[in-house]
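Some notes on the structure that comes next.
Numbering (mature numbering (1 follows the signal peptide of the UniProt record, and there is no 0)), first residue to last: -22 to -1, 1 to 425.
What follows is the structure, given as structure tokens:
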């Protein structure tokens, strides 16, 4: 729009002053045409001359019958070009210059007004940006109630600091800054069962900083506390009344709900027989009195840690896997291989037993069984059966007096050379060398 208006104004200006800046040759031609056609009858018996001196055009008109009034009437009626007035009347030069300046001034004012109007009423919009259109916020009178403080500063600090809460809500008790009290950690409890008052007092002083200590003066009360709230660890004095400490240990360890609790037996006897009885009853440790405080503290810590680690293990997905021959297998995969091994062992002397018979016994197809063994990174079923037979043959060589030929028949090998090659590939020895070497090791251990 702006460029369109400027173009129109420029054309208007050029049309207004085009004759002023016309070339002298063009003006001479115009005058000749005018004088030859339009002045006939006005300038009778007269002459008119045009001269061009330094590109300054002058007009001389002479006539014996010249009548200025008639000439004026002619020029006025015919609306001759302004350029001729200017050339005949030099006074018009400053007048036209003033006219041009005035016209340019008016145009500049108009353009300025249009620019201002466009900037004010046409907001600039662009993608991802807000409009530049000025926004005047409406004036409104907002009267806020003046707060009145009726409490002391110390009392004010006890108010709730949340601005969404009402000012009349107070906290009766000060907010605690103790992290431990706000976020209490799980307590680790230790139960001490002993009729000797000195033992619980000593253990309390030693362990109360890390654990919560409970005590029971006899075995019946201690057993009741274990059933109500199982502790993380139990310490039993072997001389506890009512029920002997060994018997109490057996009762706790034979219960499926308390068998997992670590248990330490304290005794004033340091004999091997007492230690064996305590361990056989299910105790995790046996300590004779007097004991070393640091040793007991470390023992308690490690037993509790072991129990915690076992709990995490059995509650995690890691418990679903187990190592089998150096490979980590899930319980299902391990049971699958164990089933296959048992079937092979039951058919160890069956000459016709092969992968097809194994797949049928496991109620699957030979193709699916092959894929299963491959996914478990096992040998192909045929080689898996052969390896199981070689391992069983090695066991027979060490645990029986069977000859090598009899061992071959027991493992369904009918070809002697084939048996020797398979055995040597597995153990890097012949069957005879394997038997002699391992029997010498057993004899050296028995001496």
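A virtual CB, placed ideally from N, CA and C, is assigned to each residue, including glycine.
Compute the Euclidean distance between the alpha carbons of residue i and residue j, then round it to the nearest angstrom.
i: residue 195; j: residue 174; result: 8 Å
i: residue 73; j: residue 90; result: 26 Å
i: residue 347; j: residue 356; result: 11 Å
i: residue 92; j: residue 76; result: 24 Å
i: residue 341; j: residue 392; result: 28 Å
i: residue 188; j: residue 166; result: 8 Å
i: residue 271; j: residue 251; result: 24 Å
i: residue 261; j: residue 334; result: 51 Å
i: residue 111; j: residue 86; result: Since pLDDT at residue 111 reaches only 48, below the 50 mark, its modelled position is unreliable, and the value read off the structure follows with that caveat. The straight-line gap from Cα to Cα measures roughly 25 Å.
i: residue 399; j: residue 365; result: 12 Å
i: residue 283; j: residue 238; result: 13 Å
i: residue 236; j: residue 203; result: 12 Å
i: residue 233; j: residue 320; result: 33 Å
i: residue 359; j: residue 331; result: 12 Å
i: residue 417; j: residue 337; result: 37 Å
i: residue 287; j: residue 345; result: 42 Å
i: residue 266; j: residue 249; result: 9 Å
i: residue 361; j: residue 258; result: 45 Å
i: residue 339; j: residue 309; result: 20 Å
Indicate whether residue i and residue j have their beta-carbon atoms separated by less than 8 Å.
i: residue 264; j: residue 245; result: yes
i: residue 209; j: residue 243; result: no
i: residue 401; j: residue 408; result: yes
i: residue 385; j: residue 375; result: yes
i: residue 214; j: residue 193; result: no
i: residue 224; j: residue 253; result: no
i: residue 410; j: residue 382; result: yes
i: residue 314; j: residue 350; result: yes
i: residue 370; j: residue 323; result: yes
i: residue 277; j: residue 311; result: no
Rounded C-beta distance between residue i and residue j? I'm assuming under 8 Å.
i: residue 191; j: residue 205; result: Not confirmed; about 19 Å, so no contact.
i: residue 368; j: residue 394; result: No, residue 368 and residue 394 are not in contact; Cβ-Cβ is about 14 Å, not under 8 Å.
i: residue 218; j: residue 171; result: 6 Å
Rank the options by C-alpha distance to the C-alpha of residue i and give the top, closest one.
i: residue 412; options: 395, 252, 373 and 256; result: 373
i: residue 241; options: 285, 220, 251 and 410; result: 285
i: residue 247; options: 238, 216 and 339; result: 216
i: residue 329; options: 387, 280, 276 and 317; result: 387
i: residue 198; options: 324, 221 and 207; result: 221
i: residue 363; options: 212, 313, 327 and 379; result: 327
i: residue 200; options: 337, 230, 184 and 186; result: 230
i: residue 268; options: 180, 78 and 94; result: 180
i: residue 185; options: 249, 266 and 275; result: 275
i: residue 281; options: 80, 212, 415 and 84; result: 212
In chain order, each alpha helix (DSSP H) run of at least 4 residues that lies wholly inside the segment 166 to 253 = 176 to 185, 197 to 206 and 223 to 231
Please list the segments of the alpha helix (DSSP H) lying wholly inside the segment 319 to 355, counting only runs of 4 or more residues, in order along the chain.
-> 333 to 339 and 344 to 353
Which residue spans inside the segment 346 to 412 form an unbroken beta strand (DSSP E) run of at least 3?
-> none
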